[in-house]
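Have a look at the structure below before the remarks.
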Amino acid sequence: MKSATRVFNEWVIKNKDDGMQKTHSPAVMDMLQYSLSRLHTAFSFIDAGCGNGWVVRYMNTQPMCTNAIGVDGATEMINKAKRLDTKGRYILSDLLDYQPSKKVALVHSMEVFYYFADPSILVDHVKDNWIETKGRLIIGVDYYKENEGCHNWSENVGTPMKMLSRKDWVDIFHSSGLSNIRHWLSCPNNDFQGTLVITGTVT
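Going left to right, the sequence shown walks through residues 1 to 203 as UniProt numbering numbers them.
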């Protein structure tokens, strides 16, 4: 199997990243609106696994967002993000290696954490090293056990993915020490249970 970063590099070359943006946008907007409605002062933001940077570009239009950073391990994704947004901040790094120079109030991630062999390690790393006190982590995943339509994704895409249940994901957030944990299914339809959203705050 290929690494996830290699797969995503290939997707950029084929412009498949544009389709990802269109597919993910409804759930991402749901997550961001939930988070933004709970922020009442100027804040900083990181998109973990930013892809071509579309979420960072959106956050830079928000009046209270003073600093938005995109981090991704795929070289071609970061290169495209920089081409599309010459003023944005985009960093090429494995998420487990990255540490921001200053902690932020909001970390968002869509369809990323299950590409890591042990997502709990990434949740712990982000909670301990990226997020300031009272800050929030919010992630969305479509690859979870109860979503039977995703069970062949790893084989079809050709990259390892960690299959976890909804309860497993929520338990990871609880075990990390995050507080005020909530989860819900975003944007369900007749063929799809919805994106599993999990969020919690640092105390």
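Ideal Cβ positions, reconstructed from N, Cα and C, are used throughout, including at glycine.
This one's a predicted model, so the numbers in the text were calculated from it and none came from an experiment.
Euclidean distance between Cα positions of residue i and residue j
| i | j | result |
| --- | --- | --- |
| Ile78 | Asp72 | 7 Å |
| Thr159 | Tyr115 | 8 Å |
| Met64 | Asp118 | 34 Å |
| Thr75 | His151 | 28 Å |
| Met163 | Asp94 | 21 Å |
| Asp30 | His24 | 10 Å |
| Ser176 | Asn9 | 31 Å |
| Val112 | Asp124 | 15 Å |
| Asn180 | Gly135 | 11 Å |
| Arg182 | Lys87 | 34 Å |
| Leu92 | Pro26 | 26 Å |
| Asn189 | Ala68 | 31 Å |
| Pro100 | Tyr143 | 28 Å |
| Ser165 | Lys14 | 31 Å |
| residue 210 | Lys167 | Since the first and last residues shown for the chain are 1 and 203, residue 210 lies out of range. |
C-beta atoms of residue i and residue j nearer than 8 Å
| i | j | result |
| --- | --- | --- |
| Gly70 | Asp97 | no |
| Ile198 | Ser120 | no |
| Gly51 | Leu137 | no |
| Leu84 | Gln62 | no |
| Val28 | Gly140 | yes |
| Val170 | Ile131 | no |
| Gln193 | Asn147 | yes |
Whole-angstrom C-beta distance between residue j and residue i, which should lie under 8 Å
| i | j | result |
| --- | --- | --- |
| Val202 | Thr133 | 6 Å |
| Thr66 | Ala42 | 5 Å |
Nearest residue (CA-CA) to residue i, options the options
| i | options | result |
| --- | --- | --- |
| Leu185 | Asn60, Thr195 and Ser176 | Thr195 |
| Val126 | Asn190, Lys145, Ala105 and Gln193 | Ala105 |
| Ser109 | Leu122, Ile181 and Lys103 | Leu122 |
| Lys145 | Glu10, Ile139 and Met161 | Met161 |
| Lys102 | Leu92, Asn129, Pro188 and Asp30 | Asn129 |
| Asp17 | His40, Trp54, Met31 and Tyr143 | Trp54 |
| Met1 | Ser154, Val170, Cys187 and Lys22 | Ser154 |
| Gln21 | Arg6, Tyr58 and Ala4 | Tyr58 |
| Phe45 | Val7, Glu148, Gly19 and Asn60 | Asn60 |
| Gly49 | His174, Leu39 and Thr5 | Thr5 |
Residue(s) in a DSSP beta bridge with residue i
| i | result |
| --- | --- |
| Ile131 | Val104 |
| His183 | Ile198 |
| Met110 | Gly140 |
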